[in-house]
Amino acid sequence: MLRFFGKIDEIILNNIINMWKKIFFILFFCAISSVSAKNPRILPCYVVKISDGDTFTCSLRNNKKVKVRLQEIDAPEKGQPFGKKAQHYLTKLIYKKNVKLHVSSYDRYQRMLATVYNSQGKNINLAMVNAGFAWAYQQYLKDPQYLQAQKYAQRKRLGLWQDPHPVYPHQWRKQKKQKIKKYDF
1 MLRFFGKIDE IILNNIINMW KKIFFILFFC AISSVSAKNP RILPCYVVKI
51 SDGDTFTCSL RNNKKVKVRL QEIDAPEKGQ PFGKKAQHYL TKLIYKKNVK
101 LHVSSYDRYQ RMLATVYNSQ GKNINLAMVN AGFAWAYQQY LKDPQYLQAQ
151 KYAQRKRLGL WQDPHPVYPH QWRKQKKQKI KKYDF
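Once you know that position 12 of the sequence shown is 12 in the UniProt record's numbering, the rest is easy, because the numbers rise by one and skip nothing.
The following block contains the structure:
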């Protein structure tokens, strides 16, 4: 009978130890995750292609090509007014240049979400908004500087703010889909 209870005590003790191991692992993982969210991964890269006003492709040191989406901003689509101008402005700022990516995560298209800095330390994402070639992406906004830059561009009527009624890219895409559905047979 004593052996039976000894075995139960051993099982209970093992369960408690395993539970504490799991708790420790979860706490450790949470601590690492919060550090990486506050301190983004920094990657140097060379810009090889500009897709539009907020997306480009660059080559990392290992020659791996990655697609990057400028976080916290949303530039007009290519078919929208100022879409091509936004693409040209981003080209002027970073094409065939070395930049530093401050990568925070990935989007649903597996593009790196990053704040991009040129060799002089200039925040390219912020420069796009400040020049009026992108909106502060309020849905994903963390840094209030982007709203201040947008207000500045609006006051000065820079870039897309020359249009009295600019259409936010999300709305433009939605309208475009509705037009396609309307003519779908």
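No residue lacks a Cβ here, since even glycine has one placed at the ideal position from N, Cα and C. On a predicted model such as this, the values are computed, not experimentally measured, just so you know.
Around the beta carbon of N18, fewer than 16 other beta carbons lie within 10 angstroms, which makes this residue exposed.
Boundaries cannot be given for L158, as no beta strand (DSSP E) includes it and DSSP labels it neither H nor E. The beta-carbon distance between A136 and Y152, rounded to whole angstroms, is 11 Å. This is too long to meet the 8 Å contact definition.
Around the beta carbon of R69, 16 or more other beta carbons sit within 10 angstroms, so the residue counts as buried. Under the three-pair Cβ rule at 8 Å, the stretch 63 to 78 counts as touching the stretch 113 to 128. In the structure shown, the three-state DSSP call for D9 is helix.
Following the DSSP letters along the chain, one finds L60 inside the beta strand (DSSP E) bounded by residues T55 to L60.
K78 and K84 have their alpha carbons spaced roughly 5 Å apart. Minimum Cα-Cα distance from Q139 among the listed residues F133, G121 and P169 corresponds to P169. Buried is the label assigned to S104, since at least 16 other Cβ atoms lie within 10 Å of its Cβ. Taking 4 residues as the minimum length, the alpha helix (DSSP H) runs contained wholly in the UniProt domain "TNase-like" (41 to 163) are 83 to 94, 124 to 130 and 145 to 156, in order along the chain. Within the model, the alpha-carbon separation for P44 versus T57 is close to 13 Å.
DSSP, reduced to helix, strand and coil, places P169 within a helical segment of the structure shown. Taking C-alpha positions only, D163 is separated from Q154 by approximately 10 Å. Look at N39 here: in three-state DSSP terms it is coil, with no helix or strand label. Burial of I94 is indicated by the presence of at least 16 other C-beta atoms within 10 angstroms of its C-beta.
Excluding five sequence positions before and after K96, the CB atoms of its chain that fall closer than 7 Å to its own CB belong to V47, given in chain order.
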